[in-house]
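Throughout the sequence shown, residue numbering follows the working numbering, covering 2 to 252 in sequence. Don't be surprised by glycine CBs; every beta carbon is placed ideally from N, CA and C. Values in this document were obtained by computation on a predicted structure and should not be read as measured data. For reference, the structure is listed below as structure tokens.
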Amino acid sequence: ETVPPLDVKGFILSGIVLSGLSFGIANTGQGLFPPEIVLALFAMVFLMYGVFRKGETTEFVATGSILVLAVVAALVIWSGSGRLMAFDGAFVVDSFARLMKIFVLFGSAVAIALSAQFMKRDRSERFEYPVLVLLATVGMMMMISANNLIALYMGLELQSLSLYVVAAINRDSARASEAGLKYFVLGALSSDMLLYGSSLIYGFTGTTAFPQIAAAYVAGAGLNSFIPARVGDAVKIFLAKRTIRRSTYTT
């Protein structure tokens, strides 16, 4: 049984409706409108579009993803001023966070735009690639606004899980498959180190919030517990750089 073609306007309208709903939910008692919600919802919309739409969808999804990144950047700029907090202080937005989010969104848009021609030449075009970049961007933005260890871990894993697939997205390349597998295994190891260090930090300080942890650090409580957590962060950042570089070479 063939799947009927889907209406592009319907998908765009669905995205607008979902964005409006997220705006209402995010502003209920929070005083903060996270643009990450809009970005995540549009990533899901583009994913469903690519799955059910007949024919080539990569170009449309890539173009739409760049436009969505531009819209989200505008939402970040217009999200208010001063220091805003949500989710009982786990999510914080201030001027520095807004600036860094703009850099992240710009970098993601540039990455999608520059990779289009390369993936055509390499015959590795996948509509999932822009979607994965959007989800990784959501993780990066969550890390920027994270104000406790749990929020930081959620953002880091969302970024990492998306990049695992990006590294191995060229299924015809042995190097890409190898890079994705190695990144996944070593990334799991670094996640364990991060969680182990975080649990030690919580055990010594009794909190996962960064301000209270900083106060305990200044007071000298459990200084050694910070080492495995920071090693886990460093390993994940190093693996992301090395693995993506390796996966771009084809056999």
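Where residue i and residue j are concerned, what is the direct C-alpha to C-alpha distance, given to the nearest angstrom?
i    : j    : result
M144 : S161 : 12 Å
L22  : I38  : Residue placement at L22 is flagged as unreliable, the pLDDT there being 49, under the threshold of 50; the coordinate-derived value follows with that caveat. In a straight line, the C-alpha of L22 is about 10 Å away from that of I38.
F61  : P131 : 10 Å
P36  : Y154 : 19 Å
Q118 : K55  : 22 Å
A27  : A41  : Confidence at A27 is low in this model, with a pLDDT of 46, below 50, so its placement is unreliable and no value can be given for it.
V129 : F92  : First, the residue type needs correcting, since residue 129 is Glu and not Val in the sequence shown. Computed Cα separation, rounded: 28 Å.
A110 : Q213 : 36 Å
L133 : L201 : 32 Å
L136 : A87  : 21 Å
D123 : S116 : 10 Å
M142 : M120 : 26 Å
S191 : M49  : 32 Å
R127 : A44  : 14 Å
T64  : L85  : 32 Å
A175 : A152 : 35 Å
F53  : M194 : 40 Å
F211 : G83  : 19 Å
Y218 : G51  : 48 Å
Q31  : L187 : Note that Q31 scores 46 on pLDDT, short of 50, meaning its location in the model is unreliable; the coordinates nonetheless yield the value given after this. Rounded to whole angstroms, Q31 to L187 spans 38 Å at the Cα level.
A177 : G198 : 31 Å
A98  : A215 : 19 Å
T29  : K183 : Low confidence applies to T29: its pLDDT is 41, below 50, so where it sits in the model is not reliable, and the reading given next is rough at best. Near 43 Å, if we compare the C-alpha coordinates of K183 and T29.
For residue i versus residue j, is the C-beta spacing smaller than 9 Å?
i    : j    : result
T209 : L150 : yes
G81  : V94  : yes
I67  : I113 : yes
V73  : F47  : no
D173 : S125 : yes
A189 : A180 : no
Y203 : F185 : no
Starting from residue i, follow its DSSP beta bridges and name the residues at the other end.
i    : result
A220 : Beta-bridge pairing links A220 to no other residue.
A210 : N149
So which of the options has the shortest CA-CA distance to residue i?
i    : options               : result
V105 : R124, A71, M86        : A71
G140 : S163, Y218, A91, V73  : S163
W79  : D123, K102, G90       : K102
A147 : V69, L196, G90, A217  : G90
L159 : L48, A168, T138, D193 : T138
L157 : L196, K183, G181      : L196
L76  : F53, F88, L100        : L100
T206 : A220, L133, D193      : A220
Residue ranges of each beta strand (DSSP E) run of no fewer than 3 residues wholly in the segment 24-98, ordered along the chain?
Secondary structure remark: continuous beta strand (DSSP E) runs of at least 3 residues inside the segment 24-98, in chain order: 85-87, 92-94.
Please list the segments of the beta strand (DSSP E) lying wholly inside the segment 131-182, counting only runs of 3 or more residues, in order along the chain.
Scanning the segment 131-182 for uninterrupted beta strand (DSSP E) segments of 3 residues or longer gives nothing; none is fully contained.
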